[in-house]
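Novice: Those letters in the sequence shown? Residues 35 to 203, per this note's numbering, in order. We put the CB at the ideal spot given by N, CA and C, even for glycine.
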Amino acid sequence: MIEHLKKRNNNYTFQDESTFLLSKSKNKLPEPIYFDNIEEMDVFLNRMESITNGSSNSAVITHAPPNDGGGGGDDEGYFKKSAYIGGFGVYMNVGFNFNGCSGSNLNSWISGFTLGVTWHHTGGSLSTSAQNDRINFTVIGYMNYNIFVESIGTVFTQNSTFSDHKPCN
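1. Looking at C-alpha atoms only, which residue of Val-124, Gly-111, Leu-160 and Glu-110 is the closest neighbour of Met-82?
2. Using the C-alpha atoms, what's the distance from Glu-37 back to Glu-73?
3. Assign Gly-111 to buried or exposed, taking buried as 16 or more other Cβ atoms, counted over all protein chains shown, within 10 Å of its Cβ.
4. Relative to the C-alpha of Phe-48, which candidate in Asp-198, Ser-197 and Gln-192 has its C-alpha closest?
5. Is Phe-190 near Tyr-46, with beta carbons less than 8 Å apart?
6. What's the C-alpha gap between Asn-131 and Ala-164?
7. Quick check: what's the CA-CA separation for His-23 versus Gly-175?
8. What does DSSP give as the partner residues of Asn-127 in its beta bridges?
9. My guess is that Asn-180 and Ile-67 are in contact by the Cβ rule of under 8 Å, so how many angstroms apart are they, rounded?
10. Find the nearest neighbour of Ser-138 within the set Phe-182, Ser-194 and Val-128, judged by alpha-carbon distance.
11. Out of Leu-160, Met-75 and Asn-44, point me to the one whose CA is closest to Gly-187's CA.
12. Which first and last residues belong to the beta strand (DSSP E) in which Leu-160 is found?
13. Can you check which of these residues, Phe-113, Asn-71 and Lys-40, is closest to Glu-184 by C-alpha distance?
14. Which residue marks the beginning of the beta strand (DSSP E) containing Gly-175, and which one marks its end?
15. Could you tell me which of Leu-149, Ser-159 and Gly-150 sits nearest to Ser-142, measuring between CA atoms?
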């Protein structure tokens, strides 16, 4: 299974380094998620990777209104955006304080049905666009996976970047 995962994505980290990253993050090992076969696992990972492989130049967190499955909006100087990222209902959330067209205290977390995955926020950036019309944000972290396929389990980590912006108006 590890060979199959290595062929899928060279951004996955296995064994010693994953163990180190998990202990360093002080996150508990995610509860395992079980698949009957590799194809089921691939469907799950394809959906997760469609978002977690985002780069700082692409808007991967969608501007969906709160009633359309994504949260977003301003609440007394705090901005929060949520986006469905896959699995069985896993959401990536980004939040920061803002005043006018500047932001501070950037954070990110996952929510929903997070069986088999955890997120560790390691950093990010906030900047105002050159036109002074939006706050650009990028969060950086890693997704930890605990997956069993046909009774064979593995833990691995994927470095991830999410980017988008908040209009200043």
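Specialist: In short, the structure shows the following:
1. Val-124
2. 14 Å
3. exposed
4. Gln-192
5. yes
6. 20 Å
7. No answer is possible for residue 23: it lies beyond the span of the chain, which begins at 35 and ends at 203.
8. Ser-116 and Trp-143
9. 7 Å
10. Val-128
11. Met-75
12. 151–162
13. Asn-71
14. 168–183
15. Ser-159
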